[in-house]
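Numbering (the working numbering), first residue to last: 792 to 1049.
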């Protein structure tokens, strides 16, 4: 299996498991990842998801070059569409996805991380897009997601130059939230963040995520209208009634996700 999955205490753990290939993404791995994300999204017991790479050297070192070398233009198009569709499932899921990046996150691996809601990194993490050095371009959303995150000029610099940046530089640019020294510390931090998120109302988190993701490319005026509409929607939920009542009554809320 190229994708390992387990769940514990409301957290789903997805591990990309091709350590002999530095967890590079081939079509089988992407299909397995897609199936796993769909399963996670339907599982009401899972409130938050952590995604990481197997071993110590890489989160995901990119798409499998030996596989891509054999693709025709039409096959390459379908491969890109499959990758984009798979990563879009994380972006649009109502559940938060946390990338715990250990080692190399290059090409498709960088794109996997950028599709998560929050990126935490080990100090040995390296981020970059080597594609143009191979005569190709990022195809799983990297040109779009990176430019929206750090701006067009910096995104162009990283993509055109193929240079890698370390975890501290990625944090400086706003790509990474926090940096940890060891993989154990990284995963513990991911787990702690998941537990903190799970204390809050699941529907409210899902709608807040929609407001951020869907509203990002709207004008501020349209984004504010969209936020207000979701604000109205959430007030019809049991969780909103429970959360507001719990605050007034000075007790812990009991959220059910409805």
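Here a beta-carbon is modelled for each residue, glycine too, at the ideal position from N, C-alpha and C.
Rounded straight-line distance, which links the Cα of residue j to that of residue i
i            : j            : result
residue 890  : residue 857  : 26 Å
residue 984  : residue 1032 : 25 Å
residue 859  : residue 814  : 15 Å
residue 978  : residue 927  : 33 Å
residue 963  : residue 866  : 37 Å
residue 972  : residue 894  : 11 Å
residue 850  : residue 967  : 14 Å
residue 989  : residue 1026 : 20 Å
residue 913  : residue 1037 : 38 Å
residue 974  : residue 847  : 8 Å
residue 925  : residue 993  : 42 Å
residue 1019 : residue 986  : 28 Å
residue 1002 : residue 1014 : 8 Å
residue 981  : residue 804  : 10 Å
residue 945  : residue 812  : 29 Å
residue 798  : residue 922  : 34 Å
residue 892  : residue 808  : 14 Å
residue 899  : residue 863  : 19 Å
Same chain, Cβ closer than 6 Å to residue i, neighbours up to 5 away in sequence not counted
i           : result
residue 806 : 795, 843 and 845
residue 871 : 930
residue 877 : 821, 824 and 825
residue 969 : 911
residue 885 : 997
residue 961 : 918 and 967
Those residues which DSSP pairs with residue i across a bridge
i           : result
residue 957 : 917
residue 798 : 803
residue 909 : 889
residue 854 : 816
residue 849 : 895
Residue burial classification, residue i (beta-carbon count within 10 angstroms, cutoff 16)
i            : result
residue 1012 : exposed
residue 833  : exposed
residue 881  : buried
residue 905  : buried
residue 855  : buried
residue 888  : buried
residue 853  : buried
residue 1004 : exposed
residue 932  : buried
residue 874  : buried
residue 915  : buried
residue 1039 : exposed
residue 1045 : exposed
residue 816  : buried
Cβ-based neighbour list, residue i, same chain, cut-off 8 Å, excluding 5 preceding and 5 following
i            : result
residue 947  : 938
residue 995  : 1025, 1028, 1030, 1031 and 1034
residue 909  : 887, 888, 889, 890, 968 and 984
residue 1049 : 994, 1028, 1029 and 1030
residue 1047 : 1029, 1030 and 1033
residue 1009 : 1017
residue 802  : 837, 838, 839, 840, 841, 982, 985, 986 and 989
residue 959  : 914 and 970
residue 835  : 1048
Beta-carbon proximity list for residue i, same chain, < 7 Å, skipping 5 on both sides
i            : result
residue 919  : 897, 901, 949, 953, 954, 955 and 956
residue 1043 : 1037
residue 1021 : 998, 1001 and 1002
residue 941  : 964, 965 and 966
Chain C contact for residue i (CB, 7 Å cutoff)
i           : result
residue 999 : Looking for chain C here will not work: only one protein chain is present.
Limits of the alpha helix (DSSP H) - the one that residue i falls within
i            : result
residue 949  : 943 to 952
residue 931  : Counting along the chain, residue 931 falls outside any alpha helix (DSSP H), and DSSP gives it neither H nor E.
residue 986  : 974 to 989
residue 967  : Where residue 967 is concerned, there is no enclosing alpha helix (DSSP H), given that its DSSP letter is neither H nor E.
residue 1026 : Careful: residue 1026 lies outside any alpha helix (DSSP H) and carries neither H nor E.
residue 1000 : 993 to 1006
residue 866  : 864 to 883
Where the beta strand (DSSP E) through residue i begins and ends
i           : result
residue 843 : 839 to 844
residue 897 : 895 to 897
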